[in-house]
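Protein chains in written order, with our numbering: chain C, 1112 to 1253; chain H, -15 to 409.
Each residue gets a CB set at the ideal place from its N, CA and C atoms; glycine is no exception.
Bear in mind that the values here come from a model prediction, so they are computed numbers and not experimental data.
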Amino acid sequence: METITALLTDQHNICDVLFAQTEQAVAAQDWALATAHFNAFHSATADHFNREEQVLFPAFESFTGNSQGPTSVMRFEHTQMRELFDELKNALNQQDSDEYLGLSENFLMLIRQHNAKEEQILYPMTDRILNHQRAELLDHLK
Amino acid sequence: MNTAQLSLRQTPSLDVPLRFFLTAPLFAILAMLLWLFKGDSLLANRWSPDVLAFTHLFTLGFMLQIMSGALLQLLPVLFGIIFIKAKLWSTLIHSCLTIGTLLLTGGWIFDIKIFLQISYLFLLLGSIILISILGVGLFKSPNKSPILISTRLAFIALIITLGLGFILLALFAFDIQIYNPLFLTKLHLTWGLIGWTLLLVVGISYQVVPMFQITPIYPNYFSRSFAPFVFGILICWTIGIPLEVILVFLAISFAIITLKLQHKRLRKLPDITLNFWRFGMFFLIISAVFYLTGYFWDFPQRDILQGILFIGGFVLPVIQGMLYKIIPFLIWLHLTNAQLDFTKKIKIPNVKQIITEKWQRWHFWFFLISFIITLLSIIFPLYFSQLAAFLGLISFSLLEYNLIKATQKYLTVRRQINEMQLFNI
C-alpha cells in the first residue's frame, strides 16, 4: 500500500533532480537552459510546498490539535526557501553564476535538512496517526 | 503523541558548536609544532610519551572536540533531540576538554606528573558531562533510523574508550599498577578508532553523503546492519575471538559503497568537501589493506604507519570536509534567522562568500601534499620529518584561518543587523 512517506519522498527526489540540472546549466552559463530548468524546479517545489501546507499540515494539525508544533517549523522553513527562490531568480535574471551557485549551496543545505526532518520524522508520523484517512490524503497530495 | 519532542526549530546557538570547531585546529597545529621541534626522533619509538602526546593532540584535541561540537549541533537539527542548557554544558565540556588535553599532552611532553594528575580531573569531568548529555539525548529519542543506531553504538564505544583511557592514565598519573597495560592500550585505541570514530563517521555519512552531493541513499541492508555487525565483532575480538579480518572487509565495503554513491551524484560541480571525502575513503581502503599485510609483513614502524593511514588518511580529511559544509551553512542560517522579522534586510553573504572556494582549495592541496610527505617521512624520517611537519603546520593553519575568517564575517554582519534593528524599532 502506498504511503504518504513514499509519495512525498518521491516528490522531494524529483525536485532534487531539477535542482541539480539547473545548477549544472548555470555553471555552464547556458542561461536559456538554466531558466527552463529553474522554472520547472521552482514550480515543482512550490506545488509540493502548497500541497503540504493546504492538505497535509492541516490534517496533521487538526488531529493533534497543535498548530505550533512540527508543522509550524515546516511552514517557517518553506517561507525561508521561498525567499531564497526570489534571490535565486534574481541571480538568474542577472546571469550572475557565482551568486546563483553560492545561493544554491545555501538552498541545498536548507532543503536537504528540511526534507530529512520530514522524511525521518513528520511523514512516518503522519502515516501512523492519519492511517484512517490516508487514501483520501494521498489523492490530494498527488 | 508527543509533539514536544518535535520542537524542531531549536537550532542551538551558534557558539555552541563553533567553540569546538575553532579550538580543534589549534591542537593539530600544536601537534605539528611538536613534530617540527622534535624532528625525526618523534615517531621513532611507538611508546614514547611524545608519541602519546602527538596522538592525543589529534584524537582528543582535534577529533573529539569536533565530534562533540558536531553532535551537539546535528542531533537537535536532524532528530529534534533537544539538549537542555546546551550553552552551559557545551561551555563546561569545551573548557574541560581543552584544559585537560593541554595538561595531558604537556604532562607527557615535559614529563610533569602534576599536569597529568590535574588533567585526569578535567578530562574526567568533561567526559562525564559529555556522556551524560549525549546519552540522555541519544537514548531518549524513539527514532530507530540507521543514523541513530550507528551513533548510539559509536557512543557506547566512546564510553568504553574513555573508560579504558582513564584506567591507563591512572598508571601514568598516579603510578597505579594495572593488569596488562599493553593489552588495555590495544583495546583503548581499537574501540576509539573503530568503535567510536568509524561508527560515528559511518552514521553521519548516511545523512550527509546523500545530502551534500545529492546521491542515492545507502542501501538499506547495509545501513541497518553495518554498525551492529562492527560492534558485535569488536566485542568478540575483545573477549578473544579473532574476527577482525571481517572488520577490515566491512570498512572496505563502506568506503567502496560511499565512493560509488558519490560517483552517482546528481550534483557534478567541483566541490572541495567531495575531494576531502574521496581522499578519506581511498585511504580507508589503503589503511584496511595495509592492516591485512600485517599477517605476513612486519617492520618497526608498522603501528605508527597504520595509525597515520587511518587517522591522517581517513578521519582527518572526512572531518575537515564536513566542516566546510557545516560552518558556512550555520553562519548563514543564524544570520538569516537574526533578521527574520525585519522588513528591511541586510544582504547576507551566501555560503561560498563565507568561506571562499579558493581558500578551501589551498587548504585541500596543502593537506594532500603534507599527508604524502608524512608517509614518506615514515620511510625516510631523516629527510622528510621536518618538511612533513612544516607542511602539516601550514595545512592546519589554513583550516584555522578559514574558520576564523568565517567567524569574523559572521560577527561583522551580525553587528550590522543589530544596528539595523535599532532603526527598525
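Supposed contact pair residue j and residue i - C-beta distance, whole angstroms, cut 8 Å
i: H/ILE198; j: C/ASP1127; result: 5 Å
i: H/LEU250; j: H/ARG262; result: Contact flag wrong, Cβ pair sits at about 17 Å.
i: C/THR1182; j: C/GLU1194; result: Between C/GLU1194 and C/THR1182 the Cβ distance is about 19 Å, and since that is not below 8 Å, they are no contact.
i: H/LEU227; j: H/PHE210; result: Actually they are not in contact, since the Cβ atoms of H/LEU227 and H/PHE210 sit about 15 Å apart, beyond 8 Å.
i: C/MET1185; j: C/PHE1168; result: 7 Å
Nearest-angstrom Cα separation, counted from residue j out to residue i
i: H/GLY179; j: H/GLN57; result: 21 Å
i: C/GLY1180; j: H/LEU319; result: 23 Å
i: H/LEU182; j: H/PRO194; result: 18 Å
i: H/LEU253; j: H/PHE99; result: 49 Å
i: H/PHE351; j: H/PHE380; result: 8 Å
i: C/GLU1188; j: C/HIS1225; result: 7 Å
i: H/ALA322; j: H/ILE339; result: 20 Å
i: C/GLN1140; j: C/SER1208; result: 7 Å
i: H/LEU48; j: H/TYR190; result: 20 Å
i: H/ILE241; j: H/CYS220; result: 25 Å
i: H/VAL35; j: H/SER25; result: 10 Å
i: H/TYR367; j: H/VAL299; result: 26 Å
i: H/PHE313; j: H/PHE196; result: 12 Å
i: H/HIS172; j: H/GLY296; result: 18 Å
i: H/LEU148; j: H/LEU218; result: 15 Å
i: C/ALA1143; j: H/LEU268; result: 43 Å
i: H/LEU62; j: H/VAL192; result: 11 Å
i: C/ALA1117; j: C/ALA1227; result: 13 Å
i: H/THR(-5); j: C/ILE1240; result: 26 Å
i: H/PHE266; j: H/GLY291; result: 15 Å
i: H/ASN402; j: C/GLU1216; result: 26 Å
Proximal residues to residue i (C-beta, below 6 Å), its chain only, five neighbours per side dropped
i: C/ARG1162; result: LEU1252
i: C/ASN1242; result: none
i: H/ILE65; result: LEU59, GLY121, SER125
i: H/MET(-15); result: Low local confidence applies: a pLDDT of 31 at H/MET(-15) is under 50, so the model's placement there is unreliable, with the coordinate-based value given in what follows. For H/MET(-15), where only same-chain residues beyond five positions count, there are no Cβ hits under 6 Å.
i: H/LYS309; result: PHE196, THR257
i: H/GLN285; result: ILE362
Other residues of its chain near residue i: CB distance less than 7 Å, five sequence neighbours each side excluded
i: C/GLU1210; result: ALA1202
i: H/SER(-3); result: LYS71
i: C/THR1146; result: LEU1203
i: H/VAL186; result: SER134, PHE210, ALA211, PHE238
Pair within 9 Å by beta-carbon distance, residue i and residue j
i: C/LEU1214; j: C/GLU1198; result: yes
i: H/ILE140; j: H/TRP73; result: no
i: C/HIS1123; j: C/GLU1247; result: no
i: H/ALA54; j: H/ILE188; result: yes
i: H/ALA157; j: H/TYR205; result: no
i: H/PHE67; j: H/ALA12; result: no
i: H/LEU245; j: H/PHE274; result: no
i: H/LEU387; j: H/LEU6; result: yes
i: H/LEU88; j: H/LEU153; result: yes
i: H/GLY278; j: H/VAL302; result: no
i: H/PHE407; j: H/LYS328; result: yes
i: H/LEU151; j: H/LEU168; result: According to the sequence provided, residue 151 of chain H is Ile. The question's Leu does not apply to it. Yes, these two residues count as a Cβ contact at 9 Å.
i: C/THR1114; j: C/ARG1223; result: no
i: H/ALA15; j: H/GLY90; result: no
i: H/THR85; j: H/LEU107; result: yes
i: H/LEU81; j: H/LEU132; result: no
Same chain, Cβ closer than 8 Å to residue i, neighbours up to 5 away in sequence not counted
i: C/PHE1152; result: CYS1126, LEU1129, PHE1130, GLN1132, THR1133
i: H/ALA372; result: TRP19, SER354, ILE357, THR358, LEU360, SER361
i: H/ILE288; result: LEU27, ARG30, VAL35, ILE362
Contact test: residue i Cβ vs the ligand SAM heavy atom, cutoff 8 Å
i: C/THR1237; result: The ligand SAM is absent from the structure shown, which contains no ligands of any kind.
Cross-chain neighbours of residue i in chain D, by beta carbon under 9 Å
i: C/ILE1125; result: Included in the structure are the protein chains C and H, with no chain D among them.
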